[in-house]
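Chemist:
Numbering (UniProt numbering), first residue to last: 1 to 165.
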């Protein structure tokens with residue numbers, strides 16, 4: 001099997017969304033924005049390049065720990081398999097880059113974190129299973145990152161596809 005495995009650093013651009021499929025498989029997803037940086041020699045300063053957008057998906061126990069650990073506006077490092085998701089929208093065909101993550105963590109070059117080992121503690125599952133209670137805190141300021149509405153539509157379609165499976 002040929003897979004494209006990649007590592008991306010960036011900023012969580014949406015609150016994580018958690019669903020449980022009909023077979024009981026847990027899925028947490030969020031949008032990730034990764035902006036390249038380069039040194040502009042003419043101006044003598046660092047500048048932002050293009051921003052690439054990804055939908056990050058985690059499954060099973062990783063879905064629970066990501067839901068309980070990651071928030072909009074936080075810097076993260078994501079490693080996983082890249083794939084594309086295509087769908088038809090009113091404005092025409094759309095494509096979303098999706099990373100099925102094998103690892104997700106905070107980017108410690110941007111801040112400090114404390115690690116707590118995940119256990120089979122029912123409270124983690126109960127917190128996530130209570131619906132979207134973890135997402136009811138309102139929107140947080142993500143700094144310079146704004147979610148792409150068309151890409152979010154594709155991400156919602158992808159979640160609906162998994163939920164219906």
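Built from N, CA and C at the ideal position, the CB exists for glycine as well. In this text the structure is predicted, and so the values were computed from the model without any measurement.
For the segment 33 to 43 against the segment 92 to 109, are there 3 or more C-beta pairs whose distance is under 8 Å?
Modeler: Segments in contact, no.
Chemist: If distances are taken between C-alpha atoms only, which option among 66, 98, 43, 44 comes closest to residue 18?
Modeler: Residue 66 is the option with its Cα nearest to residue 18.
Chemist: In whole angstroms, give me the CA-to-CA distance for residue 83 and residue 68.
Modeler: Straight-line Cα distance between these residues: approximately 25 Å.
Chemist: Could you check whether residue 7 and residue 79 sit closer than 8 Å to each other, using their CB atoms as the reference points?
Modeler: Their beta carbons are under 8 Å apart, which means residue 79 touches residue 7 by this criterion.
Chemist: How is residue 60 classed by DSSP in three states: helix, strand or coil?
Modeler: Residue 60 falls in the helix class under three-state DSSP.
Chemist: Which residues in the same chain have their Cβ closer than 7 Å to the Cβ of residue 25, if we skip the five residues on either side of it in sequence?
Modeler: Closer than 7 Å at the Cβ level, and outside the excluded window around residue 25, lie 59, 60.
Chemist: Determine the burial state of residue 46: buried for a count of at least 16 other Cβ atoms within 10 Å of its Cβ, exposed for fewer.
Modeler: Exposed, by the Cβ-count rule.
Chemist: What's the C-alpha gap between residue 50 and residue 81?
Modeler: Taking the straight line from one Cα to the other gives about 22 Å.
Chemist: Would you mind stating whether residue 112 and residue 70 have Cβ atoms separated by less than 8 Å?
Modeler: No, the Cβ-Cβ distance between residue 112 and residue 70 is not below 8 Å.
Chemist: Restricting to Cα atoms, I'd like to know which of 48, 91, 21 is closest to residue 34.
Modeler: Ranking 48, 91, 21 by Cα distance to residue 34 puts 48 first.
Chemist: Measuring only the C-alpha atoms, how far is residue 118 from residue 98?
Modeler: Roughly 25 Å between the two C-alpha positions.
Chemist: Can you tell me the Cα-Cα spacing of residue 28 and residue 43, whole angstroms?
Modeler: Each residue's Cα considered, the two are about 42 Å apart.
Chemist: Going by Cα to Cα distance, which pick from 2, 22, 54 is closest to residue 100?
Modeler: The shortest C-alpha separation from residue 100 is found at 54.
Chemist: Given residue 3, which residues of its chain have a CB within under 7 Å of its CB, disregarding the five upstream and five downstream residues?
Modeler: Excluding residues within five positions, the ones whose Cβ falls inside 7 Å are 81.
Chemist: In angstroms, rounded to a whole number, what distance separates the CA positions of residue 87 and residue 56?
Modeler: Roughly 17 Å separates the two Cα atoms.
Chemist: Suppose the cutoff is 8 Å on Cβ atoms and the five residues either side in sequence are ignored; what does the same chain contact list for residue 32 look like?
Modeler: 8, 10, 11, 12, 13, 53, 54, 55, 56, 76, 78, 99.
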